[in-house]
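In this note's numbering, each number is its position in the sequence shown, counted from 1, plus 172.
Beta carbons: idealized from backbone N, C-alpha and C, even for Gly.
Read through the structure below, which is laid out as structure tokens, and then see the notes.
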Amino acid sequence: MSIKYESQKIAQNFYTFAVLLFLVQVVVGVIAAAQFIWPDFFILNFNTIRTLHINALVVWLLVGMMGATYYVVSEESESELWNLPLAKFQFWATVVAVTAVVLGYIWMGINPQANTLVFGTRLLNEGREYIEAPRWADILIVVSVLLFLLNCFMTMFKAKKWTGIQGTLLAGLTFLALMYLPGMFYTKSMVKDQFWWWWVVHLWVEGAWEIIAGALLAFMLMKLVGARREVVEKWMYIEVGLVMFTGILGTGHHYYWIGTPGYWLWVGGIFSSLEPIPLLVMVWDAFKTTRETRNVTNKAGLYYTVAHAIFNFVGAGLMGVIHTLPQVNKWTHGTQITTAHGHLAFYGAYVLLVLAMIYVTLPAIRGVKEFNASRAFQSFWWMTISMVFIVLTIMGAGMVQTYMERLMGLDYVAVKSVYNLWFWIFRAIFGVGFLYGVWMLVVDYFKLGKETTTA
Ligand code: HEM
Ligand code: HEM
Ligand SMILES: [Fe+2]
């Protein structure tokens, strides 16, 4: 395996930054877990740690997707990227902006007063969960994403080669970029603010990102087992069509209790209940397409790809649908059950997606034919088993919380003080197991193709 176009190497810059941020995300995740047991653990308090944890998550996934997209667009257009120096500039600009934002969060954690008002916006943290970056950073992010999209589209136009896969991928990314904008405006009404904020959060993970996942899945299946383009593209169109049909109005499952009109109970309940269908189709597609293949060289790539399809369905689809009806959600809303779903969904749908793309494309970038996949498998199992147990543990905590808060009517803080500490102890222990898996993954990432293979 080797790459056909020099500019595909740019993907590696993005991957490196992504896996390092992944490590940071999980280190702070473990610190956050420890703070549930010892609230004063660590110099930065829980607010700051939590912000770092979830923002790092979102950013590294986006960075990973960008790298993967540069690779795919070049491959599918059968040409070099339109402007490689621009891509490099865009990469470094992203690194600088992200680092500045992270330092800002840390600075604010040490000195909360530093988050002053500048031109009516906050200097260091805008305060919207998952997308807390301040306005100046929003603007840099928008510029970076526009340069990225320009480069991809120009590559495609200049090569005059349009494929369904790259068209869908770029459509998903354009949708993603547009959906960043509703998160940038302030309104005085908390209801309206939440209304728009969910456009970003929900329409990303259950809209744009799933479209990207569908396109990348098709690409990976083609690369891994030599599946026919017509076949994978046919599946892709079905998946993407169903994602949009169910996911867009599915946004309603966040509008049950925030002050929006009552019809959202119906709209959200009905459409979001259908959301697991496209995810199930993806699992079916992955199995059907890979079943008959025997001698796959890239076993790690195949493994991560199929695991992504399965855990996307389990974490997002199944664990999402169980609390999506208003009749259920009125009990579970905003509890640790939500957090459990958030973890398995992000892990299955997007962490494994980006890691799968890394394992599918990195060997070619490094020019290796075969590599020892044992570390990739081990890290997969450490991460996956630990994650499943983290999720089971906080599901348990969530049930206790639901019971005490919603049935017994205790308030949030009272419940927090009487929780069984073992939930948090187990979560922290499995968190360390997960961290070990990530560490292995990072080591494997840096060593892949650079050591002599024994297998
Ligand atoms: C595709 C990947 C998905 C990801 C990454 C994801 C992630 C998340 C996260 C992080 C939250 C918590 C948001 C917050 O309040 O901070 C959440 C909430 C929620 N998700 Fe998902 N989700 C996905 C798919 C789904 C699907 C397919 C469904 C339904 C079928 C679903 C149903 C819900 C519901 C009902 C809530 C609100 C829970 C509450 O009221 O507290 N999710 N999701
Ligand atoms: C790839 C792995 C991970 C992903 C995708 C992930 C994702 C997330 C998300 C989306 C949230 C916000 C959830 C919500 O508000 O509903 C969150 C919060 C949190 N995560 Fe993670 N996380 C990961 C790994 C870890 C690990 C290994 C630990 C350590 C045990 C951890 C500990 C925490 C804690 C303590 C919170 C705060 C929960 C709360 O506010 O109650 N995470 N994580
Ligand atoms: Fe949602």
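Taking 7 Å as the cut-off, is the C-beta of Pro450 nearer than that to any heavy atom in ligand 1?
Answer for Pro450: no, Cβ out of range of ligand 1.
Grouping DSSP H, G and I as helix and E and B as strand, with all else coil, what is Ala627?
Summary for Ala627: the model assigns pLDDT 48, below 50, so the residue's position carries little reliability; its value from the coordinates is reported in the next sentence. Coil, per DSSP.
Per DSSP, which one or two residues make a beta bridge with Arg294?
According to DSSP, which records beta bridges pairwise, Arg294 is partnered with Leu289.
With H, G and I counted as helix, E and B as strand and the rest as coil, what does DSSP make of Tyr358?
In this structure, Tyr358 counts as coil in the three-state DSSP scheme.
Would Leu452 and Thr462 qualify as a contact pair, given that the criterion is a beta-carbon distance under 8 Å?
No, Cβ-Cβ distance for Leu452 and Thr462 is not below 8 Å.
When the distance is taken between beta carbons, is Tyr187 closer than 8 Å to Leu534?
Taking 8 Å as the Cβ cut-off, Leu534 and Tyr187 qualify as a contacting pair.
For the putative contact between Asn255 and Asn297, defined by C-beta atoms under 8 Å, what is the C-beta separation to the nearest angstrom?
Not quite, the Cβ-Cβ distance comes to about 34 Å (not below 8 Å), so this is no contact.
Less than 8 Å separating the beta-carbons of Gly489 and Gly539?
Result no, Cβ atoms of Gly489 and Gly539 do not sit closer than 8 Å.
Under 7 Å: does the beta carbon of Arg599 sit that close to some heavy atom of ligand 2?
Answer for Arg599: yes, Cβ within range of ligand 2.
Buried or exposed: where does Pro448 fall if 16 or more other Cβ atoms within 10 Å of its Cβ makes it buried?
Per the 10 Å Cβ criterion, buried.
Going by alpha carbons, who is nearest to Thr432 out of Met362, Asn185, Phe329, Phe263?
Among Met362, Asn185, Phe329, Phe263, the Cα nearest to that of Thr432 is on Met362.
For Val455, which residues from the same chain have a beta carbon less than 7 Å from its beta carbon, with the 5 sequence-adjacent residues on both sides left out?
Excluding residues within five positions, the ones whose Cβ falls inside 7 Å are Ala481, Ile482, Phe485.
Just confirm the distance between the C-beta atoms of Leu321 and Thr346, as a whole number of angstroms; I'd bet it's less than 8 Å.
The Cβ separation is near 6 Å, so the contact holds.
Taking 8 Å as the cut-off, decide whether the C-beta atoms of Tyr352 and Val314 are in contact.
Contact flag set, yes.
Tell me whether the beta-carbon of Ser665 lies closer than 8 Å to the beta-carbon of Leu375.
No statement about residue 665 is possible, as the shown extent of the chain runs from 173 to 627 and does not include it.
Start and end of the alpha helix (DSSP H) containing Pro498?
Start and end: 498 to 504.
Distance, Cα to Cα, Phe367 vs Tyr427?
In a straight line, the C-alpha of Phe367 is about 7 Å away from that of Tyr427.
Check whether the stretch 502 to 510 touches the stretch 206 to 223, taking contact to mean three or more Cβ pairs, one atom from each stretch, closer than 8 Å.
Too few Cβ pairs lie closer than 8 Å, so no.
Going by C-alpha to C-alpha distance, which of Ile278, Arg401, Ser251 sits closest to Phe329?
Among Ile278, Arg401, Ser251, the Cα nearest to that of Phe329 is on Ser251.
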